[in-house]
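Q: The structure that follows is given in the form of structure tokens.
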Amino acid sequence: MPEDASNLEKQLKLKAPLTAHVACLFCFAGTTCLIALLSDKDLTVANVGDSRGVLCDKDGNAIPLSHDHKPYQLKERKRIKRAGGFISFNGSWRVQGILAMSRSLGDYPLKNLNVVIPDPDILTFDLDKLQPEFMILASDGLWDAFSNEEAVRFIKDRLDEPHFGAKSIVLQSFYRGCPDNITVMVVKFRNSSKTEEQ
């Protein structure tokens, strides 16, 4: 057993530089976060970054459930400047010339400068008032290709499809030339008035 332990120790020492290198690479990674929590008659939505939630109300209106965290927004721009950072434009506005959103999870080199933060916005919606038909939760790849209203109209016409039209809108975003990753979830709400009639 001591020989096996010694061999293992030698192997771990040999792999230590590789492990440190890989860990360093991951410290530059980051992501957005969008969470929708349904409880009783309330919908609570929290977001960090530029993934977005949009709800279709009883009248077919597109109701924003979240606000994108973009460097060009006045509130975000002031916060970044107070932290000693800057934003620049190179096709899109970027924090420190690097990141196209002003809040994220990860992105530690920018977090260490306090110019990018992980603080979410949290909003709560009264579902009795809105009487929603469905909501769309999606990464910025969708929103680069569709406005809120356009996405709601597109999905509304495809709610009978498998996945409630999510696959179709992803493909349409791709066909429109979106180069970014496109992740979409469509959540269809139960309509209480239709349920009572049945």
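For the sequence shown, position 9 matches number 8 in numbering that gives the first Met the number 0, and the numbering has no gaps at all.
For glycine and all other residues, C-beta sits at the position ideal for the given N, C-alpha and C.
Being a predicted model, the structure only gives us computed values, none of them experimental.
1. Taking DSSP as the reference, what is the three-state secondary structure of P16?
2. Using C-beta distances below 6 Å, list every residue in its chain close to S192, excluding the 5 sequence neighbours before and after it, in chain order.
3. Straight-line CA distance for L109 to L170?
4. Classify V185: buried if its beta carbon has 16 or more other beta carbons within 10 angstroms, exposed otherwise.
5. Can you name, in chain order, every residue of its own chain whose Cβ lies under 7 Å from the Cβ of Q130, other than the five neighbours on each side?
6. In the DSSP assignment, find the unbroken beta strand (DSSP E) run with V63 in it and report its ends.
7. Does the region 111 to 121 come within contact of the region 85 to 95, defined as at least 3 CB pairs closer than 8 Å?
A: Concretely, from the data shown:
1. On the sequence shown, residue 16 is found 17 positions in, with the first residue counted as 1. Looking at P16 - three-state DSSP - the assignment turns out to be helix.
2. Your numbering for residue 192 matches position 193 in the sequence shown. With a pLDDT of only 45 at S192, under the threshold of 50, the placement of this residue in the model should not be trusted; the figure read from the coordinates follows. Closer than 6 Å at Cβ, skipping near neighbours: no residue.
3. Counting from one through the sequence shown, the residue named residue 109 turns up at place 110. Counting from one through the sequence shown, the residue named residue 170 turns up at place 171. When rounded, the distance between both Cα atoms is 33 Å.
4. In the sequence shown, counting from the first residue as 1, residue 185 sits at position 186. Counting Cβ neighbours within 10 Å, V185 comes out buried, since at least 16 surround it.
5. Your numbering for residue 130 matches position 131 in the sequence shown. Excluding positions up to five away in sequence, the list reads D56 and K57.
6. Indexing the sequence shown from 1 puts residue 63 at position 64. Note on identity: in this sequence residue 63 is Pro, with Val being the wrong assignment. First-last of the beta strand (DSSP E) with P63: A61 to P63.
7. In short, these stretches touch, since the Cβ pair count reaches three.
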